[in-house]
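First comes the structure, then the notes that go with it.
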Amino acid sequence: MGHLYFSSNVFLNEQNNDRYQLVYSSQLYGTFFSVYGKFTVSNNTLKAVKLKLINYKGVLNLNLTDFVIADSFKSVEVQDLMKNNKEVTLDCLQIGIKVKAFSEEKNMEQTCNIPLPEESGTHYLEVSRTLIEMDPNHFIFDEEFKWRDGYNNAIDKDLSKFEGYRRQNAKVNTNVSTDEDGGKDPGGLCPKGYQLIHR
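As numbered in this note's numbering, residues 34 to 232 make up the sequence shown, in order.
Shown next, in the form of structure tokens:
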């Protein structure tokens, strides 16, 4: 279940077809990055989505490797912080992005044909992120996927094996981007991003 702690706004209308709008921000490998989306709208229908990742402060560059957009709005249960964590149902257009370090920048654009709501402020865009493991490199230790203590051999991160860790962070965030993966959450605890759609 998602958590609606904070949300921003996204404008899906023909007047904003040429703008890149912020849809997601996070930090991996010490690099802060943001993902921007350009949304092409025609006749109250979303026709195309183009995404671009911008790296800010940090030593490793990240890039998008793929993204998936749902073919329609779906009802999603979330806990709303502003309503004392009460469960609420949001109508969301879901986008799943894949991010990887040391990968080539690709043209991330997809066509679609998704009818949009007529009213503003009734639907959300939901963005979830999955981190893809780095290709093997003898000079870089992939700390998002492995643990090491300097004495023992590095082991794969599987937070489901560390009960204290899961219990300690359960109240902080149970909405990690890979929580459907049975407790494995490479890339740290990263909540989904929510944007209120304006028309």
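Beta carbons are placed, not taken as given, at the ideal position from N, Cα and C, and that holds for glycine.
- Taking every protein chain shown into account, the CB of Leu158 has 16 or more other CB atoms within 10 angstroms, so this residue is buried.
- Classified as exposed, Thr78 has fewer than 16 neighbouring CB atoms from the shown chains inside 10 Å of its CB.
- Contact between the stretch 84–99 and the stretch 64–71 is established, with three or more Cβ pairs separated by less than 8 angstroms.
- Per DSSP, Ala81 is one residue of the beta strand (DSSP E) stretching across Thr78 to Asn88.
- In the DSSP assignment, Tyr69 falls within the unbroken beta strand (DSSP E) covering Thr64 to Ser75.
- By the neighbour-count definition (other C-beta atoms within 10 Å, threshold 16), Leu114 is an exposed residue.
- The Cβ-Cβ distance between Val74 and Asn46 falls below 8 angstroms.
- DSSP links Val121 through a beta bridge to Val111.
- For Leu55, the enclosing beta strand (DSSP E) starts and ends at Gln54 to Leu61.
- Here the alpha carbons of Ile188 and Lys179 stand approximately 5 angstroms from one another.
- A straight line joining the alpha-carbon of Ser153 with that of Ile173 spans about 46 angstroms.
- From the listed residues Arg232, Gln228 and Phe39, the smallest Cα separation to Asn118 is found for Phe39.
- For Gln143, the number of other beta carbons within 10 angstroms of its own is below 16, and it is reported as exposed.
- The residues Glu166 and Met167, in chain order, have a CB closer than 7 angstroms to that of Asp175 in the same chain once the five nearest residues on each side in sequence are set aside.
- Taking the Cα of Thr163 as reference, the smallest distance to any Cα among Phe44, Arg52, Gln48 and Leu61 is reached at Leu61.
- When the beta-carbon positions are compared, Cys125 and Lys80 stay at least 8 angstroms from each other.
- By the CB criterion at 8 angstroms, Gly129 and Phe100 fall inside the cutoff.
- Annotation for Tyr227: the continuous beta strand (DSSP E) segment containing it runs Gly226 to His231.
- Residue pairing for Phe135: DSSP places it in no beta bridge.
- Ile87 counts as exposed, since fewer than 16 other C-beta atoms from the protein chains shown sit within 10 angstroms of its C-beta.
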